[in-house]
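Chemist: So the sequences go chain by chain: Y and H.
To convert, take the position in the first sequence, counting from 1, and add 19; that gives our numbering.
To convert, take the position in the second sequence, counting from 1, and add 11; that gives our numbering.
For every residue, glycine included, the Cβ atom is placed at its ideal position computed from N, Cα and C.
The structure is given below, and queries will be raised subsequently.
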Amino acid sequence: MTKDTLAARYPRSAETLLSLLHDLQRANPGNHLTPEDLALAASHVGVPTSLVHDAVTFYSMFSLTPRGRHIVRLCESPNCHLAGAWSALDELRRLLDVGVGETTPDGEFTLELTSCLGACGVAPVMMVDDEVVGNLTPDRVRETLARYREGR
Amino acid sequence: MKRALLEALGRHDLLTEVQLVETGCMGPCELGPVLLVYPEGTFYVRVRPEDAAEIVSEHFLKGRPVRRLLWTEGAPQPQEIPFFARQKKLVLRNCGTIDPAKIEEYIATDGYVALGKALTEMTPEAVIAEMKRSGLRGRGGAGFPTGTKWALVRGAAGDEKYVIGNADEGDPGAFMDRAILEGDPHSVLEGMAIAAYAVGASRGYIYVRAEYPLAVKRLEVALAQARKLGVLGSRIFETEFSFDIELRMGAGAFVCGEETALIASIEGLRGEPRPRPPYPATHGLWGKPTLINNVETFATVRRIVLDGAEAFATIGTEKSKGTKVFALAGKVRNTGLVEVPMGITLRELVFDIGGGVPAGREFKAVQIGGPSGGCLPASLLDVPVDYDSLSTHGAIMGSGGVIVLDDAACMVNVARFFLEFTADESCGRCVPCRVGTQMMLGILNRIVQGDGTEDDLARLAEIGEMVKSASLCGLGQTAPNPVLSTLRYFPDEYRAHIHDRSCPAGVCPNLVRYRVIAEACRGCDACRRACPTGAAQGVAGKPPYRIADDLCIWCGACFDACPFDAVTRLPRQTGKR
Chain Y
20 MTKDTLAARY PRSAETLLSL LHDLQRANPG NHLTPEDLAL AASHVGVPTS
70 LVHDAVTFYS MFSLTPRGRH IVRLCESPNC HLAGAWSALD ELRRLLDVGV
120 GETTPDGEFT LELTSCLGAC GVAPVMMVDD EVVGNLTPDR VRETLARYRE
170 GR
Chain H
12 MKRALLEALG RHDLLTEVQL VETGCMGPCE LGPVLLVYPE GTFYVRVRPE
62 DAAEIVSEHF LKGRPVRRLL WTEGAPQPQE IPFFARQKKL VLRNCGTIDP
112 AKIEEYIATD GYVALGKALT EMTPEAVIAE MKRSGLRGRG GAGFPTGTKW
162 ALVRGAAGDE KYVIGNADEG DPGAFMDRAI LEGDPHSVLE GMAIAAYAVG
212 ASRGYIYVRA EYPLAVKRLE VALAQARKLG VLGSRIFETE FSFDIELRMG
262 AGAFVCGEET ALIASIEGLR GEPRPRPPYP ATHGLWGKPT LINNVETFAT
312 VRRIVLDGAE AFATIGTEKS KGTKVFALAG KVRNTGLVEV PMGITLRELV
362 FDIGGGVPAG REFKAVQIGG PSGGCLPASL LDVPVDYDSL STHGAIMGSG
412 GVIVLDDAAC MVNVARFFLE FTADESCGRC VPCRVGTQMM LGILNRIVQG
462 DGTEDDLARL AEIGEMVKSA SLCGLGQTAP NPVLSTLRYF PDEYRAHIHD
512 RSCPAGVCPN LVRYRVIAEA CRGCDACRRA CPTGAAQGVA GKPPYRIADD
562 LCIWCGACFD ACPFDAVTRL PRQTGKR
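Spelled out as structure tokens, the structure:
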């Protein structure tokens with residue numbers, strides 16, 4: 020689907036801006052928004068590009084720089100913290116060999132921290148793309164990353 | 012587990028006899044995966060795929076519950092277990108019982124009957140009067156009377172009005188809205204439709220955070236089914252009333268749970284709060300009168316219309332009616348979602364339902380109300396949980412997150428942790444919140460590093476009160492609560508950090524002694540290699556190692572390096588660094 024047909028699915032109103040930006044971001048292999056995307060979104064909903072830029076830089080889920088094919092988000096809220104999220108973070112850092120906010124050289128994974136994922140009963144929790152993975156141990160981190168590496 | 016059960020059922024040719032239903036959350040998260048078998052209501056916990064064959068052959072074929080998988084032996088049914096028996100489920104009644112992806116199952120639990128009753132038997136004014144009589148207050152945290160809010164929107168001038176469902180649940184540790192959206196999405200849609208009828212709105216939005224993809228999916232399914240069946244759309248129940256709801260997704264901003272920030276976000280702008288007044292009730296989305304309520308509030312509405320305001324108002328206390336859902340977490344045996352009558356004491360919540368602190372540790376405090384809630388000590392365990400009692404004692408109801416802390420928690424560090432969160436999430440628009448939280452955080456960082464002074468305590472309290480009274484929105488107005496409440500109830504712990512340079516709980520790395528537990532040490536040499544000053548000493552293969560206090564700079568490298576948890580932190584005994 021071209022980006023124009025993607026945009027055409029939304030009414031021309033600023034209230035659809037965030038949804039449109041989510042879709043545009045997902046359509047890019049780098050999970051990010053390009054200057055062209057911002058311009059397209061601006062002209063589609065009828066606001067200046069500066070306003071779109073203003074919005075994009077406010078929300079933590081939008082990125083203006085390319086990210087990995089999969090986004091790994093580890094929850095950094097108190098419950099996960101108490102349940103040992105940091106040993107999961109250590110394992111993520113070790114396996115991916117990147118720091119928080121960085122992308123692996125092969126472009127597969129970006130490591131991020133996130134606010135509460137609302138799955139505190141199974142803390143510590145991370146989210147890989149749209150999948151929530153709980154009860155994290157170093158082993159479980161390893162298995163999950165391996166699963167995504169194999170494309171399952 | 013599902014696959015294993017289906018396979019086992021298939022092997023015994025039971026697929027037409029036993030229906031396997033995927034439901035929403037049943038509550039006790041730490042016992043999951045859980046399985047509830049009807050009609051008798053047998054409750055299995057911690058089931059594993061390899062248990063499937065036994066459950067099928069023993070329970071379904073021979074009619075004998077598998078005793079080893081019951082929560083407590085001899086009490087196979089949820090209502091006999093204290094965790095469930097002390098609860099009262101109005102809002103969560105359907106969660107864990109019905110298939111949220113099937114509108115028929117919702118209708119079988121009197122779904123959309125309340126909407127029908129409101130549209131055909133009640134005037135909008137009568138619906139609002141019923142809400143007022145029920146005493147329902149907003150479940151999003153602030154506790155504004157729901158009926159009064161509805162009346163304000165109804166009375167506001169303008170033909171076009173909106174109803175917004177606030178599903179931007181962001182408080183760490185609170186996940187009741189997610190459970191409702193995933194487990195019983197129609198109850199929220201029905202509540203929104205009733206509200207729209209009452210206030211005179213024809214369009215609605217439900218704003219869900221992007222971190223909840225499953226909730227988004229369930230809502231999309233529910234919306235499509237509701238439209239198909241005609242309970243949303245034009246001329247609902249063949250009346251003059253038309254109403255439809257659109258889904259809107261956030262993009263990762265905690266402050267968007269604040270109503271004016273949420274409205275700005277729907278308008279496609281940065282989700283920054285706006286000064287109030289004017290309130291959304293008169294100047295909301297696109298400047299039009301807007302009713303905005305939280306998910307749990309909307310999910311409660313149908314019960315009030317169905318059972319009557321009087322029945323609802325018999326539950327709870329004088330000023331806090333009905334039930335409230337809490338998310339129990341932290342150092343408590345039974346974590347998970349619980350729904351209890353308002354006015355229950357903290358003790359009942361933490362000990363009777365939560366099962367208390369796991370063995371070997373002592374209860375120290377309960378942090379209630381999310382990151383901007385307060386920490387209440389053991390001496391306040393008999394305080395009733397309602398909006399007013401909690402705020403009298405320096406906590407808030409908030410969205411209902413309850414984190415139990417045991418004696419291993421350092422209250423200064425806990426306060427610092429929560430403040431770090433709110434300071435980080437401060438949108439930066441108003442000075443008191445943006446600068447004030449950073450100043451407080453700076454002081455707390457000094458204290459946990461051992462560089463605090465007695466004056467810092469007064470300064471923390473002063474800045475805290477200023478941030479509370481001068482901030483633009485609820486985020487800043489409540490952000491100092493964790494600090495102010497710990498200053499109020501745990502001043503000795505602050506003073507120990509400042510005067511004795513000692514962290515009584517043994518948490519703050521700079522204010523502890525490091526010791527090697529001789530029995531746990533295996534002589535692996537990891538601590539000696541990690542230690543930058545030669546304080547960790549020993550010979551590889553010849554445990555135990557030891558740590559020399561006179562060389563130690565309390566960096567914690569040995570603590571982090573030890574693979575056997577043999578290095579522990581103890582409170583520092585002397586005032587020396």
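Sorted by chain position, which residues of the same chain lie with C-beta nearer than 6 Å to Y/L36's C-beta, five sequence neighbours on each side aside?
Modeler: V64
Chemist: Measuring CB to CB, does H/G341 end up less than 8 Å from H/V227?
Modeler: At a Cβ-Cβ threshold of 8 Å, H/G341 and H/V227 do not count as neighbours.
Chemist: Kindly provide the ranges of any beta strand (DSSP E) runs that are 3 or more residues long and lie completely inside the stretch 211-245 of chain H, ordered along the chain.
Modeler: 214-219
Chemist: Quick check: what's the CA-CA separation for H/L391 versus H/G412?
Modeler: 17 Å
Chemist: Taking Cβ positions, are H/L101 and H/A204 nearer each other than 8 Å?
Modeler: no
Chemist: For chain H, is any of its Cβ atoms less than 8 Å away from the one on Y/H41?
Modeler: yes
Chemist: Helix, strand or coil: which one does DSSP assign to H/K404?
Modeler: The sequence as given places His at residue 404 of chain H; Lys does not occur at that position. In this structure, H/H404 counts as coil in the three-state DSSP scheme.
Chemist: Is any heavy atom in the ligand MG found nearer than 7 Å to the beta carbon of H/G365?
Modeler: This structure does not include the ligand MG; it has no bound ligands of any sort.
Chemist: Mind pulling the chain H residues with CB within less than 7 Å of Y/M80?
Modeler: Near Y/M80 (Cβ distances below 7 Å), the residues of chain H are A221, A262 and G263.
Chemist: Please state whether DSSP places Y/V147 in a helix, a strand or coil.
Modeler: strand
Chemist: Per DSSP, H/P352 is paired with what?
Modeler: H/T334
Chemist: So which of Y/V160, Y/L57 and Y/L101 has the shortest CA-CA distance to Y/E110?
Modeler: Y/V160
Chemist: Compare the Cα-Cα distances from H/R427 to each of H/A419, H/C441 and H/L455 and report the closest residue.
Modeler: H/L455
Chemist: From the DSSP output, which residues share a beta bridge with H/A340?
Modeler: DSSP output for H/A340 lists H/I414 as bridge partner(s).
Chemist: Would the stretch 465-472 of chain H count as touching the stretch 381-397 of chain H if we require 3 or more Cβ pairs under 8 Å?
Modeler: No, the stretch 465-472 of chain H does not touch the stretch 381-397 of chain H.
Chemist: Expressed to the nearest angstrom, what Euclidean distance is found between the alpha-carbon atoms of Y/R113 and Y/M145?
Modeler: 16 Å
Chemist: Could you say if the stretch 51-66 of chain Y and the stretch 256-272 of chain H meet the contact criterion of at least three C-beta pairs nearer than 8 Å?
Modeler: no
Chemist: Quick check on the DSSP output: the alpha helix (DSSP H) that includes H/Y505 runs from which residue to which?
Modeler: P502 to H510
Chemist: Under 9 Å between beta-carbons, which chain H residues line up against Y/T133? List them in chain order, please.
Modeler: E222 and G263
Chemist: Hey, H/S496 and H/A406 are a contact pair by Cβ (cut 8 Å); roughly how many whole angstroms apart?
Modeler: 6 Å
Chemist: Can we say the stretch 78-89 of chain Y touches the stretch 123-131 of chain Y, given the rule of at least three CB pairs closer than 8 Å?
Modeler: The stretch 78-89 of chain Y is in contact with the stretch 123-131 of chain Y.
Chemist: According to DSSP, which residues form a beta bridge with Y/C7?
Modeler: Nothing about residue 7 of chain Y can be reported from this structure: the residues present for chain Y run from 20 to 171 only.
Chemist: Output the distance between the C-alpha atoms of H/C538 and H/A529, rounded to the nearest integer angstrom.
Modeler: 14 Å
Chemist: Determine whether the Cβ of Y/D158 lies closer than 8 Å to any Cβ atom of chain H.
Modeler: no
Chemist: What does a CB cutoff of less than 7 Å around H/D417 pick up in its chain, not counting 5 residues either side in sequence?
Modeler: K342, V368, R372, E373, F374 and K375
Chemist: Give, in chain order, every residue of the stretch 411-427 of chain H whose Cβ lies closer than 7 Å to some Cβ of chain Y.
Modeler: Result list: I414.
Chemist: Mind checking Y/R28: buried by the 16 CB within 10 Å criterion, or exposed?
Modeler: exposed
Chemist: Return no unless some Cβ of chain H is closer than 8 Å to the Cβ of Y/D125.
Modeler: no
Chemist: Would you list the residues sitting across from H/P582 in a DSSP beta bridge?
Modeler: H/V523
Chemist: Counting contacts by CB-CB distance shorter than 8 Å, is Y/D56 in contact with chain H?
Modeler: no
Chemist: Cα separation between Y/A138 and H/V210?
Modeler: 34 Å
Chemist: Could you tell me the alpha carbon to alpha carbon distance between H/R78 and Y/T133, rounded to whole angstroms?
Modeler: 40 Å
Chemist: What residues in the stretch 466-487 of chain H bring their beta carbon closer than 9 Å to a beta carbon of chain Y?
Modeler: none
Chemist: Which of the three DSSP states, helix, strand or coil, is assigned to Y/L25?
Modeler: helix
Chemist: Ignore the nearest five residues each way along the sequence and tell me which others in H/T334's own chain have a CB closer than 7 Å to its CB.
Modeler: K99, L101, V102, I326, E350, V351, P352 and M353
Chemist: When you compare the CB of H/F570 with every CB in chain Y, is at least one pair closer than 8 Å?
Modeler: no
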